[in-house]
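>
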Amino acid sequence: MYQGEVIKNLPLSQNVYLLRVKTDLDIIFSFNPGQFVKIKINERIDPLIPRPFTIHDVKKNSFYVLYQVVGKGTKALSLVQPGNKIEFLGPLGKPFPKLENYVICAGGIGIAGFIYLLESIKRKTHPYVLPKKIFYGARTAEDLVCYPFLEGIGTKVEIATEDGSQGYKGLITEPLIKYLEKNKVDVLACGPLPMLKAVAKIAQSFGVKAYLTMETFLSCGTGFCKGCVIPLKNGNYAHLCIEGPTLLAEEIDFEALS
Amino acid sequence: MYQGEVIKNLPLSQNVYLLRVKTDLDIIFSFNPGQFVKIKINERIDPLIPRPFTIHDVKKNSFYVLYQVVGKGTKALSLVQPGNKIEFLGPLGKPFPKLENYVICAGGIGIAGFIYLLESIKRKTHPYVLPKKIFYGARTAEDLVCYPFLEGIGTKVEIATEDGSQGYKGLITEPLIKYLEKNKVDVLACGPLPMLKAVAKIAQSFGVKAYLTMETFLSCGTGFCKGCVIPLKNGNYAHLCIEGPTLLAEEIDFEALS
Amino acid sequence: MLASGTWGLGENLDLYLTKEEIKSNIGAFVSKGISRFPKKGNPPPRLYETPCGLINSIGLENPGLEVFKRDYLPKLLSYKVPLIINLHGEEIEDFVALAEGFKEEKVDGIELNISCPNVKKGGIAFSSDPKGVKTLVKEVRKVWERFLAVKLSPVGPVYEIAEICEKEGVDALVVANTYPALGVIGLAPLKVIKGGLSGPAIKPLTLRLVYELAQKVELPIIGSGGILSGKDALEYLVCGAKAFQIGVANLIDPTSAVKIIQEMEELKKKHGLFG
Amino acid sequence: MLASGTWGLGENLDLYLTKEEIKSNIGAFVSKGISRFPKKGNPPPRLYETPCGLINSIGLENPGLEVFKRDYLPKLLSYKVPLIINLHGEEIEDFVALAEGFKEEKVDGIELNISCPNVKKGGIAFSSDPKGVKTLVKEVRKVWERFLAVKLSPVGPVYEIAEICEKEGVDALVVANTYPALGVIGLAPLKVIKGGLSGPAIKPLTLRLVYELAQKVELPIIGSGGILSGKDALEYLVCGAKAFQIGVANLIDPTSAVKIIQEMEELKKKHGLFG
Chain A
1 MYQGEVIKNL PLSQNVYLLR VKTDLDIIFS FNPGQFVKIK INERIDPLIP RPFTIHDVKK
61 NSFYVLYQVV GKGTKALSLV QPGNKIEFLG PLGKPFPKLE NYVICAGGIG IAGFIYLLES
121 IKRKTHPYVL PKKIFYGART AEDLVCYPFL EGIGTKVEIA TEDGSQGYKG LITEPLIKYL
181 EKNKVDVLAC GPLPMLKAVA KIAQSFGVKA YLTMETFLSC GTGFCKGCVI PLKNGNYAHL
241 CIEGPTLLAE EIDFEALS
Chain B
1 MYQGEVIKNL PLSQNVYLLR VKTDLDIIFS FNPGQFVKIK INERIDPLIP RPFTIHDVKK
61 NSFYVLYQVV GKGTKALSLV QPGNKIEFLG PLGKPFPKLE NYVICAGGIG IAGFIYLLES
121 IKRKTHPYVL PKKIFYGART AEDLVCYPFL EGIGTKVEIA TEDGSQGYKG LITEPLIKYL
181 EKNKVDVLAC GPLPMLKAVA KIAQSFGVKA YLTMETFLSC GTGFCKGCVI PLKNGNYAHL
241 CIEGPTLLAE EIDFEALS
Chain C
1 MLASGTWGLG ENLDLYLTKE EIKSNIGAFV SKGISRFPKK GNPPPRLYET PCGLINSIGL
61 ENPGLEVFKR DYLPKLLSYK VPLIINLHGE EIEDFVALAE GFKEEKVDGI ELNISCPNVK
121 KGGIAFSSDP KGVKTLVKEV RKVWERFLAV KLSPVGPVYE IAEICEKEGV DALVVANTYP
181 ALGVIGLAPL KVIKGGLSGP AIKPLTLRLV YELAQKVELP IIGSGGILSG KDALEYLVCG
241 AKAFQIGVAN LIDPTSAVKI IQEMEELKKK HGLFG
Chain D
1 MLASGTWGLG ENLDLYLTKE EIKSNIGAFV SKGISRFPKK GNPPPRLYET PCGLINSIGL
61 ENPGLEVFKR DYLPKLLSYK VPLIINLHGE EIEDFVALAE GFKEEKVDGI ELNISCPNVK
121 KGGIAFSSDP KGVKTLVKEV RKVWERFLAV KLSPVGPVYE IAEICEKEGV DALVVANTYP
181 ALGVIGLAPL KVIKGGLSGP AIKPLTLRLV YELAQKVELP IIGSGGILSG KDALEYLVCG
241 AKAFQIGVAN LIDPTSAVKI IQEMEELKKK HGLFG
């Protein structure tokens with residue numbers, strides 16, 4: 001693992017934190033949008049297994065992680081203080097696919113990895129093209145932690161909140177459907193499993209491709225342990241840590257997954 | 001256990017920290033010099049067992065702990081930040097004995113508990129009398145973290161450092177011997193085991209009593225588990241958590257202890 | 001229930017819990033292991049912390065049958081909480097004598113600790129000798145008609161012994177005792193502590209035992225191993241335990257029984273379990 | 001040594017360690033369990049974290065004997081590190097066929113995984129059936145003269161099986177495989193994962209096994225269980241192990257072997273051990 005120093009670790013909302021980790025430039029330069037890092041809190045063996053986090057952004061000598069406190073690992077990470085040393089491994093997994101004609105659909109914390117994608121388009125550091133539109137949903141307006149950034153990105157952003165506190169009132173998949181009725185574009189999506197399932201169905205019904213950035217508990221992140229499998233329709237298993245985290249929706253067997 | 005809030009947790013030297021915990025007044029009022037508390041870092045189960053710390057001082061609505069980072073537990077405690085909640089149990093154990101004609105002998109972090117004793121004499125909160133003299137030794141001058149406080153306490157203080165960077169060059173037991181050659185006083189001592197063994201021998205040779213505040217890994221602190229035993233010369237075991245932490249030197253079987 | 005050896009003999013319990021808290025949260029006391037004659041216990045070190053666990057080697061320090069009955073039992077009974085006496089013997093005769101010793105007392109049951117070595121059989125533990133357990137239970141049953149539990153060791157022929165206990169009319173199985181473990185206190189010269197491991201570290205192992213045993217025997221199972229929270233306790237119940245004991249939790253916090261029960265009740269409601 | 005199943009089949013190892021680091025720090029590779037025919041492994045979830053531990057239920061996903069030899073073995077051999085193949089079978093014939101399958105290959109030894117169920121004996125694990133192990137080792141020995149290790153399960157008649165291995169000419173014992181464990185994934189409806197527990201949580205249990213076994217058998221013991229640091233490794237050696245395997249450590253950090261060896265060497269010097 002590599003050594004990093006925590007520069008900041010601040011809450012952006014009630015339980016969403018932004019972590020900045022300073023490390024060597026040559027490591028940073030190897031990071032691609034859609035890949036992830038595995039973070040270990042030094043000297044702690046409980047939680048035992050480093051947690052995976054999608055790369056949220058990369059600036060100067062640091063990388064950023066946007067995470068939601070959901071369990072033991074993220075709780076422990078939220079207690080880390082600036083100046084603390086952490087260890088990490090990465091970049092892990094495959095970058096986002098290079099799509100030409102597509103939209104982004106993000107649910108809640110699922111937005112995290114797309115910021116790096118959009119930033120690298122803006123900075124021309126990676127050969128991606130802007131999505132036609134960004135669909136960004138969350139439970140409430142307060143959970144739309146990345147909205148301010150998205151406004152300046154140069155492509156349309158459609159918002160949905162379950163409580164209607166901002167944008168469309170309801171699930172983000174509903175505006176997505178409306179859009180796909182008029183536009184034939186692929187979908188790059190990340191968010192809670194129910195949303196990903198819905199996106200898979202929707203894409204199929206409109207005859208477009210959906211690429212889903214999936215999440216699962218994983219241990220090695222390197223393909224060693226065969227622990228992080230996603231069942232595929234062809235009867236095989238995808239190893240999310242090396243074949244993912246972004247998979248082609250039509251190949252995933254969601255029945256076997258639940 | 002009781003809830004407390006960490007007000008501060010600062011290093012006084014390279015690996016000695018001062019912790020201030022705010023809690024309810026009625027709990028604070030029940031603390032006596034020589035007793036200890038058991039501190040649990042919330043939401044951590046590794047280290048599993050709360051660590052015991054002698055009560056270093058009590059002011060307003062807070063109690064203080066002076067601790068040295070020596071292992072997993074103290075390392076974890078040193079990472080606790082102001083504002084964090086901790087749980088603690090106490091006061092545990094017996095107060096210091098009420099001695100009339102005595103000196104204090106402290107080695108290194110062993111000084112911690114005596115500060116509360118001296119403070120409560122100054123503030124007349126507990127019926128103790130000043131020691132005739134305080135013998136305070138450490139490895140180096142930097143380790144004499146409580147020296148500034150002791151100067152104002154109204155009784156003579158003799159310092160010894162192993163490297164001679166302050167006071168007598170050598171072990172604190174050497175000035176103690178010189179003093180006992182001229183004065184017949186009891187000794188109240190706390191410090192590393194070798195020092196306590198030496199003090200026991202010295203006291204015996206001068207026909208005075210020595211009371212030693214001992215340390216051992218303990219789990220319950222309440223007399224439940226029978227885990228923290230100190231072998232006695234009469235063949236029995238003392239349960240340090242409820243019969244100690246301060247024991248009469250002549251009763252301890254140091255041979256069986258090592 | 002409060003597990004044996006984790007709350008002493010009740011001497012100090014009421015310093016930390018009110019009689020009301022004790023009565024309303026604690027289903028039963030399981031006493032520290034009582035032997036026929038007093039035991040001083042092992043020399044230090046008796047404790048060693050491991051990752052998420054604790055090794056103990058107390059050596060069954062206890063005042064012995066007679067002193068226990070005279071000096072401790074009256075106060076224990078005063079709590080008005082069902083009382084189960086954990087019995088420790090080095091041969092079958094010890095267990096029988098102990099059971100007889102409590103016949104006239106108002107205790108509600110006994111729990112046999114079969115993890116201890118059987119001196120008559122060259123020190124091999126009862127728990128690794130199914131025949132020995134069979135005879136032990138038979139003999140104890142002759143003199144003891146009230147509630148009889150056997151505290152299984154997690155190692156050895158556990159399933160075989162569980163089935164024997166069922167056949168021989170034991171009322172419940174306590175699953176399980178601590179795990180044989182070792183801690184290295186000093187590398188050079190080598191200094192080790194051998195004892196029993198308990199705590200969250202071993203919870204997944206005991207949960208598995210409870211889950212498998214619950215499918216093999218009809219006997220009620222009392223789960224015990226690493227319960228620190230209401231969720232831990234509930235996990236034992238959904239895995240087939242009818243009740244549970246808390247051990248290390250008492251050592252961490254003498255009031256944990258109350259907290260664990262409260263947490264568990266809230267979780268039961270939330271999940272609509274055991275309504 | 002790198003323990004079976006914790007570093008894959010070497011395909012990605014050189015992404016994290018240089019060939020030089022591998023050669024100079026890793027005493028031997030123990031391959032992922034290889035079966036006669038390909039295995040897809042178990043459906044998810046295959047992993048569950050516990051206090052200081054990890055439950056895995058991979059289901060021995062592997063490409064099978066022939067594909068392994070064709071697609072993976074050449075690269076593994078190119079590391080110039082002694083290679084031990086972990087064999088998985090459901091009946092004795094499988095192990096024999098596998099051993100024969102590696103006869104012509106430049107592998108240095110085999111490790112028999114006896115924790116798997118013996119189909120011919122109604123699925124009872126070899127590790128709980130001393131006679132079964134005896135036959136297994138006898139039969140494998142007939143076709144395999146090179147280094148032969150048996151990876152013991154920590155549960156069941158461990159000592160009896162160890163002595164059988166010694167009598168039957170096994171070269172070393174690996175102590176131990178993972179511990180049967182259970183994790184509660186969902187309370188209502190109940191959803192559990194059954195698998196093997198590894199990690200620091202069980203280190204005190206395996207250390208105890210190694211310590212006791214080292215006094216009972218002459219066979220070299222390879223310690224394996226929860227080694228995360230050089231100190232952990234050294235603890236196994238002072239308790240009687242002649243070598244050690246690291247498992248979970250590889251999953252936490254693919255470079256941990258290097259760190260552990262460095263830490264251990266410093267500690268050895270500091271304590272003047274194994275000079």
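Residue numbers (the working numbering), protein chains in the order written: chain A, 1 to 258; chain B, 1 to 258; chain C, 1 to 275; chain D, 1 to 275. Note that CB positions come from ideal geometry on N, CA and C, so glycine has one too.
1) Mind checking whether Val150/D and Val170/D have CB atoms under 7 Å apart?
2) Determine the chain A residues that contact Thr6/D at a beta-carbon separation under 7 Å, and present them in chain order.
3) Report the partner residues of Asn42/C according to the DSSP bridge assignment.
4) Verify the CB distance criterion: does Arg51/C have a CB-CB separation below 7 Å to chain B?
5) Can you look up Asp108/C in the DSSP assignment and give me helix, strand or coil?
6) Determine which residues share a DSSP beta bridge with Ala138/B and list them.
7) State yes or no: is the C-beta of Ile55/C within less than 7 Å of the C-beta of Ala181/C?
8) Output yes if chain A places a C-beta closer than 7 Å to the C-beta of Ile193/D; else output no.
9) Using the C-alpha atoms, what's the distance from Gly113/A back to Phe224/A?
10) Could you spell out the range, first to last residue, of the beta strand (DSSP E) harbouring Ile22/D?
11) Tell me Asp186/B's beta-bridge partners as DSSP assigns them.
12) With a CB to CB cut of under 7 Å and the five nearest residues on each side skipped, what residues in its chain are close to Glu183/C?
13) Given a threshold of 16 other Cβ atoms within 10 Å of its Cβ, counted over all protein chains shown, does Glu105/C qualify as buried or as exposed?
14) Please name the residue in Glu91/D, Glu66/D and Lys23/D whose C-alpha comes closest to that of Leu77/D.
15) List, in order along the chain, the chain A residues whose C-beta lies closer than 8 Å to that of Gly230/D?
16) Using only alpha-carbon positions, find the residue among Glu255/A, Glu5/A, Lys98/A and Val199/A that is nearest to Phe135/A.
17) Tell me where the alpha helix (DSSP H) around Val133/D begins and ends.
18) Report back the beta-carbon spacing between Tyr128/A and Pro33/A to the nearest angstrom; my notes put them in contact at under 8 Å.
19) Taking the C-alpha atoms as reference points, what is the distance between Ile7/A and Lys22/A?
20) Looking at C-alpha atoms only, which residue of Leu148/D, Leu251/D, Asn177/D and Ser256/D is the closest neighbour of Gly225/D?
21) May I ask you to report which of helix, strand or coil DSSP gives Asp253/C?
22) Taking its Cβ as the centre, do 16 or more other Cβ atoms sit within 10 Å of Pro74/C, making it buried, or is it exposed?
23) Below 7 Å CB to CB, which residues in the same chain sit around Asp14/D once its five sequence neighbours on both sides are set aside?
24) By how many angstroms is the C-alpha of Leu98/C removed from the C-alpha of Asp108/C?
25) Using beta carbons (cut-off 7 Å, strictly below), is Asp71/D in contact with chain A?
26) Out of curiosity, what's the CA-to-CA distance linking Glu250/B and Asn236/B?
27) Compare the Cα-Cα distances from Ile222/C to each of Tyr211/C, Asn12/C, Ser229/C and Gly186/C and report the closest residue.
28) Can you pull the chain A residues whose beta carbon is under 8 Å from the beta carbon of Ile58/D, in chain order?
29) Hey, could you find the ends of the alpha helix (DSSP H) Leu77/C is sitting in?
30) How should Lys133/A be labelled, buried or exposed, when 16 other C-beta atoms within 10 angstroms of its C-beta is the threshold for buried?
31) Using a C-beta cutoff of 7 Å, does Ser258/A count as contacting chain D?
32) Measure from the alpha carbon of Ile261/B to the alpha carbon of each residue in Pro97/B, Leu19/B and Gly71/B, then state which is nearest.
33) Cys165/C to Gly156/C, Cα distance in whole Å?
34) Below 7 Å between beta carbons: does that hold for Gly227/A and Arg46/D?
35) For Phe96/A and Pro47/B, what's the separation of their Cα atoms in angstroms?
36) Could you tell me whether any Cβ in chain C is nearer than 7 Å to the Cβ of Pro200/D?
Reading from the atomic positions:
1) Looking up residue 150/D in the fourth sequence gives position 150. Looking up residue 170/D in the fourth sequence gives position 170. Yes, these two residues count as a Cβ contact at 7 Å.
2) Taking the fourth sequence and counting its residues from 1, the one referred to as residue 6/D is at position 6. In chain order: Phe224 and Cys225.
3) For this step, residue 42/C is matched to residue 42 along the third sequence. DSSP, once it has assigned bridges, lists no residue as partnering Asn42/C.
4) Position 51 of the third sequence holds residue 51/C. Inspection of the sequence shows that residue 51/C is occupied by Pro rather than by Arg. It does; some Cβ of chain B falls within 7 Å.
5) Position 108 of the third sequence, counting from 1, holds the residue named residue 108/C. Coil, per DSSP.
6) Residue mapping note: residue 138/B aligns to position 138 of the second sequence, counting from 1. Answer is Thr161/B.
7) By one-based count along the third sequence, residue 55/C stands at place 55. By one-based count along the third sequence, residue 181/C stands at place 181. Going by C-beta atoms, Ile55/C is nearer than 7 Å to Ala181/C.
8) In the fourth sequence, counting from the first residue as 1, residue 193/D sits at position 193. No, Ile193/D does not count as interfacial toward chain A.
9) Taking the first residue of the first sequence as 1, we reach residue 224/A at position 224. Taking the first residue of the first sequence as 1, we reach residue 113/A at position 113. Their Cα atoms are separated by approximately 24 Å.
10) In the fourth sequence, the residue the question calls residue 22/D occupies position 22. Element bounds for Ile22/D: not the beta strand (DSSP E) but the alpha helix (DSSP H), Lys19 to Asn25.
11) As a working note, residue 186/B is residue 186 in the second sequence. According to DSSP, which records beta bridges pairwise, Asp186/B is partnered with Tyr102/B.
12) Stepping through the third sequence from its first residue, residue 183/C is reached at position 183. What sits at residue 183/C in the sequence shown is Gly, not Glu. Correct list, in chain order: Tyr48, Thr50, Ile55, Val192 and Ile193.
13) Here residue 105/C refers to the residue found at position 105 of the third sequence. Glu105/C comes out exposed.
14) Locating residue 77/D in the fourth sequence gives position 77, where the first residue counts as 1. The shortest Cα separation from Leu77/D among Glu91/D, Glu66/D and Lys23/D belongs to Lys23/D.
15) Indexing the fourth sequence from 1 puts residue 230/D at position 230. Residues of chain A passing the Cβ test: none, with the nearest at roughly 15 Å.
16) As a position in the first sequence, residue 135/A is number 135, starting the count at 1. Per the Cα distances, Val199/A.
17) The sequence position of residue 133/D within the fourth sequence is 133, counting from 1. Residues Pro130 to Val143.
18) As a first step, residue 128/A must be located in the first sequence, where it is residue number 128. As a first step, residue 33/A must be located in the first sequence, where it is residue number 33. Confirmed, Cβ separation roughly 7 Å.
19) Indexing the first sequence from 1 puts residue 7/A at position 7. Indexing the first sequence from 1 puts residue 22/A at position 22. Using only the alpha carbons, I get a separation of about 6 Å.
20) Position 225 of the fourth sequence, counted from the first residue, corresponds to residue 225/D. It is Asn177/D whose Cα lies nearest to the Cα of Gly225/D.
21) Start at 1 with the first residue of the third sequence, and residue 253/C comes out as number 253. Three-state DSSP puts Asp253/C in coil, outside helix and strand.
22) As a position in the third sequence, residue 74/C is number 74, starting the count at 1. So Pro74/C ends up on the exposed side.
23) As a first step, residue 14/D is located in the fourth sequence; it is residue number 14 there, counting from the start. If we look at Asp14/D and ignore the five residues flanking it on each side, it has no Cβ neighbours.
24) As a first step, residue 108/C must be located in the third sequence, where it is residue number 108. As a first step, residue 98/C must be located in the third sequence, where it is residue number 98. For Asp108/C and Leu98/C, the distance between alpha carbons rounds to 14 Å.
25) As a position in the fourth sequence, residue 71/D is number 71, starting the count at 1. No, its Cβ sits nowhere closer than 7 Å to a Cβ of chain A.
26) Here residue 250/B refers to the residue found at position 250 when the second sequence is read from its first residue. Here residue 236/B refers to the residue found at position 236 when the second sequence is read from its first residue. Spanning the two alpha carbons is a distance of roughly 14 Å.
27) Residue 222/C sits at position 222 when you count from the first residue of the third sequence. Among Tyr211/C, Asn12/C, Ser229/C and Gly186/C, the Cα nearest to that of Ile222/C belongs to Tyr211/C.
28) If you number the fourth sequence from 1, residue 58/D lands on position 58. By Cβ distance, chain A contributes Cys225, Lys226 and Gly227.
29) As a working mapping, residue 77/C is identified with position 77 in the third sequence. Looking at the DSSP string, the run of the alpha helix (DSSP H) that includes Leu77/C is Leu73 to Ser78.
30) Counted from its first residue, the first sequence places residue 133/A at position 133. The residue in question, Lys133/A, is buried, as its Cβ has 16 or more Cβ neighbours within 10 Å.
31) If you number the first sequence from 1, residue 258/A lands on position 258. By this cut-off, Ser258/A is not an interface position.
32) The structure shown does not extend to residue 261/B, since chain B is modelled only from 1 through 258, so no value can be given for it.
33) On the third sequence, position 165 is the one that residue 165/C refers to. On the third sequence, position 156 is the one that residue 156/C refers to. Those two C-alpha atoms are separated by around 15 Å.
34) Here the question's residue 227/A lines up with position 227 in the first sequence. Here the question's residue 46/D lines up with position 46 in the fourth sequence. Yes, they are a contact pair.
35) Locating residue 96/A in the first sequence gives position 96, counting from the first residue. Locating residue 47/B in the second sequence gives position 47, counting from the first residue. Distance between the alpha carbons of Phe96/A and Pro47/B is about 40 Å.
36) Position 200 of the fourth sequence holds residue 200/D. So yes, Pro200/D belongs to the interface.
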